[in-house]
Amino acid sequence: MKRVLFSLWIMAVIIAFTGIASAQANPRETVKLALKGGAVSVEYGRPSLKGRSAQQLLGQLGQGEVWRLGADKSTTFTTGADLVFGTLTVPKGEYSLFARKEAGGWKLVFNKQHGQWGTEHDAKQDLGSTPLTESKGAKSEEMVTIKLAKEGDGGSITIQWGDQLLSASFKAK
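Throughout the sequence shown, residue numbering follows our numbering, covering 97 to 269 in sequence.
Put into structure tokens, the structure is as follows:
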């Protein structure tokens, strides 16, 4: 009898943890862009609004705090070419992306660590940051959506959640 009860208890624990893990997992997506000198890609988790607003969720961040631009594992930005975002040069390599909320808006932060859990941001490892342009999307996106688009010698990155749209342009060096 003890073995049966113990076996049932073990099965209940496994089912509970499996349910929790699958409930917390968000789908992952990778977007890519081909440039002269190398490709650019972003791999990220896609949380859903689930009836909430992005402004409500992101509005909880204080000035100087970062958002991991997705969910779960950190958002990974990979470039096979040196890129220039405004005054920031991003050498070819792999980085974690974050968005930092500041008094005047948002900045896109490139962090030299990658592969860590998304909430593990070590500011000492920041390569640098560049301003993001904030606007409203033409339609609302239920899940975080990151896009890369070709523009002249470079491209642009856009991050949208709900109707909040953040973007930055870059050039291949």
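Every residue, glycine too, gets a C-beta built ideally from N, C-alpha and C.
None of the values given here were measured: they were computed from a predicted structure.
Item	Value
Mark K169 as exposed unless 16 or more other C-beta atoms lie within 10 angstroms of its C-beta, in which case mark it buried.	buried
Return helix, strand or coil for A117, following the three-state DSSP convention.	Model confidence at A117 stands at a pLDDT of 45, short of 50, so the residue's coordinates are unreliable and nothing is read from them.
Suppose only complete runs of 3+ residues qualify. What are the beta strand (DSSP E) ranges in the region 137-204, listed by chain order?	171-175, 179-181, 184-186 and 189-198
Would G166 be called buried (16 or more neighbouring beta carbons within 10 Å of its own) or exposed?	buried
Rounded to the nearest angstrom, what separates S225 and T171 at their Cα positions?	15 Å
Shortest alpha-carbon distance to T126 belongs to which of E247, A268, T241 and Q260?	T241
Determine the burial state of G250: buried for a count of at least 16 other Cβ atoms within 10 Å of its Cβ, exposed for fewer.	buried
Verify whether the separation of the beta carbon atoms of G248 and D178 is less than 9 Å.	no
Considering only the alpha carbon of each residue, which of A219, K146 and A135 lies closest to H210?	A219
How is the beta strand (DSSP E) around E125 delimited, first residue to last?	R124 to L131
Of all the options F173, E237, V180 and W163, which has the alpha carbon lying nearest to the alpha carbon of S137?	F173
Might you give, ordered along the chain, the residues of its own chain that have their beta carbon closer than 6 Å to the beta carbon of Q256, omitting 5 neighbours on each side?	G233, E237 and T241
Does DSSP classify Q221 as helix, strand or coil?	helix
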